[in-house]
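Quick notes on the structure that follows.
In the working numbering, the protein residues as written are 21 to 96.
This is the structure in C-alpha coordinates:
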(Lines of atoms letter the chains of each structure in order from A; the text may use other names.)
(Lines give C-alpha, C1' and ligand atoms only; values in the text may rest on other atoms or scores of the structure.)
Protein backbone atom coordinates (compact mmCIF):
# COMPACT_ATOMS: atom_id res chain seq x y z
CA UNK A 21 0.00 0.00 0.00
CA UNK A 22 1.44 3.36 -0.94
CA UNK A 23 1.48 6.45 1.28
CA UNK A 24 -1.19 8.20 -0.77
CA UNK A 25 -3.81 5.61 0.27
CA UNK A 26 -2.99 6.25 3.94
CA UNK A 27 -2.97 10.04 3.73
CA UNK A 28 -5.24 12.08 5.97
CA UNK A 29 -7.06 14.64 3.83
CA UNK A 30 -8.73 17.64 5.48
CA UNK A 31 -11.87 18.63 3.57
CA UNK A 32 -13.02 21.39 5.89
CA UNK A 33 -12.47 22.74 9.40
CA UNK A 34 -14.28 19.75 10.92
CA UNK A 35 -14.10 17.00 8.29
CA UNK A 36 -11.27 14.64 7.33
CA UNK A 37 -11.07 11.61 5.06
CA UNK A 38 -8.76 8.72 5.90
CA UNK A 39 -8.64 5.44 3.97
CA UNK A 40 -12.21 5.87 2.72
CA UNK A 41 -13.65 6.80 6.14
CA UNK A 42 -14.98 10.21 7.07
CA UNK A 43 -13.73 11.51 10.40
CA UNK A 44 -15.89 14.33 11.72
CA UNK A 45 -14.59 16.61 14.48
CA UNK A 46 -17.44 17.23 16.91
CA UNK A 47 -17.88 20.36 19.04
CA UNK A 48 -16.13 20.28 22.40
CA UNK A 49 -18.24 18.93 25.26
CA UNK A 50 -18.90 21.80 27.68
CA UNK A 51 -18.82 19.55 30.76
CA UNK A 52 -15.77 17.39 30.02
CA UNK A 53 -14.04 19.87 27.66
CA UNK A 54 -13.14 16.94 25.38
CA UNK A 55 -13.27 17.08 21.61
CA UNK A 56 -14.45 13.87 19.98
CA UNK A 57 -14.16 12.48 16.47
CA UNK A 58 -16.91 10.40 14.82
CA UNK A 59 -16.04 7.67 12.32
CA UNK A 60 -18.40 7.27 9.36
CA UNK A 61 -18.35 5.38 6.09
CA UNK A 62 -21.10 5.02 3.47
CA UNK A 63 -23.66 6.38 5.94
CA UNK A 64 -22.67 3.87 8.64
CA UNK A 65 -21.47 5.02 12.07
CA UNK A 66 -18.41 3.24 13.46
CA UNK A 67 -17.95 4.93 16.82
CA UNK A 68 -16.24 7.85 18.45
CA UNK A 69 -12.67 8.52 19.57
CA UNK A 70 -11.24 11.39 21.60
CA UNK A 71 -8.21 12.14 19.44
CA UNK A 72 -7.69 12.30 15.70
CA UNK A 73 -4.76 9.87 15.97
CA UNK A 74 -6.98 7.38 17.85
CA UNK A 75 -9.62 7.64 15.11
CA UNK A 76 -6.98 6.92 12.48
CA UNK A 77 -5.73 3.90 14.46
CA UNK A 78 -9.30 2.60 14.73
CA UNK A 79 -9.67 2.79 10.95
CA UNK A 80 -6.32 1.01 10.51
CA UNK A 81 -7.46 -1.78 12.85
CA UNK A 82 -10.76 -2.23 11.02
CA UNK A 83 -9.12 -2.34 7.60
CA UNK A 84 -5.92 -4.11 8.66
CA UNK A 85 -7.05 -7.72 8.94
CA UNK A 86 -10.73 -7.40 8.08
CA UNK A 87 -11.81 -7.78 11.71
CA UNK A 88 -12.68 -5.27 14.37
CA UNK A 89 -11.62 -5.48 18.05
CA UNK A 90 -14.51 -7.84 18.88
CA UNK A 91 -13.33 -10.31 16.26
CA UNK A 92 -16.42 -9.86 14.11
CA UNK A 93 -15.82 -9.72 10.37
CA UNK A 94 -15.91 -6.23 8.93
CA UNK A 95 -16.84 -5.70 5.31
CA UNK A 96 -17.29 -2.39 3.57
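Every residue gets a Cβ at the ideal spot worked out from N, C-alpha and C, and that includes glycine.
Taking 3 residues as the minimum length, the beta strand (DSSP E) runs contained wholly in the segment 52-86 are 57-61 and 64-69, in order along the chain.
Listed in chain order, the non-local C-beta contacts of residue 39 below 7 Å within the same chain comprise 25, 26, 79 and 83, local neighbours out to five positions each way being set aside. At the C-beta level, residue 43 and residue 59 come within 8 Å of one another. Looking only at 65, 81, 70 and 35, the smallest Cα-Cα distance to residue 49 is reached by 70.
Residue environment: residue 65 is assigned as exposed (fewer than 16 neighbouring CB atoms within 10 Å of its CB, all protein chains considered). The beta carbon of residue 32 lies closer than 6 Å to none in the same chain, with the five residues before and after it left out.
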